[in-house]
Ligand SMILES: [Zn+2]
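Numbering (this note's numbering), first residue to last: 191 to 454.
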């Protein structure tokens with residue numbers, strides 16, 4: 191009887207210990223960041239890997255979260271830590287751009303699908319270096335992740351980076367990429383999306399002029415267009431979005447020096 195009890199206790203202890211080991215092993219990262227994880231033995235052709243002194247790694251994007259969240263990505267459990275990105279309140283006096291009428295709503299829905307389609311498949315003909323340079327020299331006017339309130343109504347968080355620039359300021363390609371979308375959209379105005387390969391995309395919105403053409407292969411520093419205030423905006427600026435591995439990620443991290451090495 192006593193023996194059985196001890197066995198049961200042992201099992202409990204073993205269970206507890208392995209749980210603790212698991213807790214220590216959990217990979218963590220911040221909301222909206224790209225992190226590296228050990229690459230699996232078997233890889234699909236569209237997965238990018240990096241050889242590091244601690245083994246072969248692959249990059250994974252973490253979603254923007256409103257509280258700490260345990261997720262499973264590429265079969266690995268990852269704890270995504272919430273980050274307080276602050277909030278911003280803007281006033282849009284043209285209320286037709288806040289509460290959309292039926293035809294504007296239909297247009298916005300159609301365009302959202304078009305953008306989703308452009309992001310669906312990524313080329314493997316370009317291998318992204320992840321060594322981004324800023325697309326404009328301007329300062330950050332609205333960082334990634336800020337909770338937005340438009341006319342005091344809570345809206346989705348700002349999952350892009352706003353950079354200042356006067357109308358006509360040159361926007362350059364921050365990384366080699368192929369132009370996979372060019373258009374004039376309800377929310378983002380004159381817009382270009384670049385495919386940098388292996389699931390890495392970037393988008394440039396509110397431009398006054400587009401210089402790149404659909405299908406162009408842009409080298410780093412090649413012109414994309416000019417800063418403007420087209421679409422739903424309060425003034426001229428570049429709204430720069432970066433997508434990787436199915437999530438919008440923080441562009442401000444990508445322009446840090448030696449970014450790729452810092453995450454491997
Ligand atoms: Zn923005």
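Here a beta-carbon is modelled for each residue, glycine too, at the ideal position from N, C-alpha and C.
**Q.** Nonlocal neighbours in the same chain, by C-beta distance under 7 Å from residue 259, ignoring five residues either side
**A.** Within the same chain, 270 come within 7 Å of residue 259 by CB-CB distance, once the 5 residues on both sides are set aside.
Q) When we look at the beta-carbon of residue 347 and count the other beta-carbons within 10 Å, is it buried (16 or more) or exposed? A) Taking every protein chain shown into account, the CB of residue 347 has 16 or more other CB atoms within 10 angstroms, so this residue is buried.
Q: Name all residues in chain order for which at least one heavy atom of ligand 1 lies closer than 6 Å to the residue's CB.
A: Answer in sequence order: 332, 348, 350, 352, 429.
Q. Cα separation between residue 361 and residue 422?
A. Distance between the alpha carbons of residue 361 and residue 422 is about 19 Å.
Q. Which ranges does the beta strand (DSSP E) cover as unbroken runs of at least 3 residues, wholly within the stretch 275-309, from first to last along the chain?
A. The qualifying runs are 277-280.
(Q) Taking 8 Å as the limit between beta carbons, can you name the residues of its chain near residue 434, skipping five residues before and five after? (A) Its chain contains 224, 249, 251, 389, 390, 391 as the residues whose beta carbon lies nearer than 8 Å to that of residue 434, once the 5 sequence neighbours on both sides are disregarded; these appear in chain order.
Q: Give me whichever residues DSSP pairs with residue 331 in a beta bridge.
A: Residue 331 pairs with nothing; no bridge assigned.
**Q.** Where residue 366 falls, given that 16 or more other Cβ within 10 Å makes a residue buried
**A.** Classification of residue 366: buried, given that the 10 Å Cβ count is 16 or more.
Q: Please classify residue 478: is it buried, with 16 or more other beta-carbons within 10 angstroms of its beta-carbon, or exposed?
A: In the structure as shown, the chain starts at 191 and stops at 454, and residue 478 therefore has no counterpart that could be examined.
Q.
Considering only their Cβ atoms, is the gap separating residue 416 from residue 359 smaller than 8 Å?
A. Their beta carbons are under 8 Å apart, which means residue 359 touches residue 416 by this criterion.
Q) Hey, how far is the Cα of residue 410 from the Cα of residue 323? A) Cα-Cα distance, rounded: 8 Å.
Q. Excluding the five sequence neighbours on either side, which residues of its own chain have a C-beta within less than 8 Å of the C-beta of residue 195, listed in chain order?
A. Any answer about residue 195 is weak, because its pLDDT of 40 lies below 50 and its placement is not dependable; what the coordinates show is given next. Take residue 195, set aside five residues on each side of it, and no residue of its chain has a beta-carbon closer than 8 Å to its own.
**Q.** Span separating the alpha-carbon of residue 449 from that of residue 293
**A.** Cα-Cα distance, rounded: 43 Å.
Q. Closest by CA to residue 272, which one among 261, 281, 278?
A. Ranking 261, 281, 278 by Cα distance to residue 272 puts 261 first.
(Q) Closest to residue 339 by C-alpha separation, out of 431, 227, 279, would be which residue? (A) Restricting attention to 431, 227, 279, the CA atom closest to the CA of residue 339 is found in 279.
Q) Below 8 Å between beta carbons: does that hold for residue 268 and residue 335? A) Their beta carbons are not under 8 Å apart, which means residue 268 does not touch residue 335 by this criterion.
(Q) I'd like the list of long-range same chain contacts for residue 429, defined as Cβ closer than 7 Å, with 5 residues on each side in sequence excluded. (A) The beta carbon of residue 429 sits closer than 7 Å to the beta carbons of 350, 352, 378, 395, 396 from its chain, once the five residues preceding and following it are set aside; these are given in chain order.
Q. Using a Cβ-Cβ cut-off of 8 Å (strictly less than) and excluding sequence neighbours within five positions of residue 413, which residues of its own chain qualify?
A. Cβ neighbours of residue 413 beyond the five flanking positions: 360, 361, 362, 363, 401, 402.
**Q.** Boundaries (first-last residue) of the alpha helix (DSSP H) holding residue 453
**A.** Per DSSP, residue 453 belongs to the alpha helix (DSSP H) from 449-453.
**Q.** Residue from 255, 399, 312, 375 with nearest C-alpha to residue 297
**A.** With distances taken between Cα atoms, residue 297 lies closest to 375.
Q: Just the C-alpha distance for residue 167 and residue 226, rounded to the nearest angstrom, thanks.
A: Nothing can be reported for residue 167, as the shown portion of the chain is limited to 191 through 454.
Q | Cut-off 6 Å between Cβ atoms - residues of its own chain near residue 239, not counting five sequence neighbours on either side | A | The residues are 229, 246, 248.
Q | Spatially closest choice to residue 371 from 306, 316, 341, by CA coordinates | A | Nearest Cα to residue 371 within the set 306, 316, 341: 306.
Q) Closest by CA to residue 369, which one among 407, 424, 281, 221? A) Ranking the options by Cα distance to residue 369, first place goes to 407.
Q) Can residue 314 and residue 235 be called in contact, C-beta distance under 8 Å? A) The Cβ atoms of residue 314 and residue 235 sit closer than 8 Å to each other.
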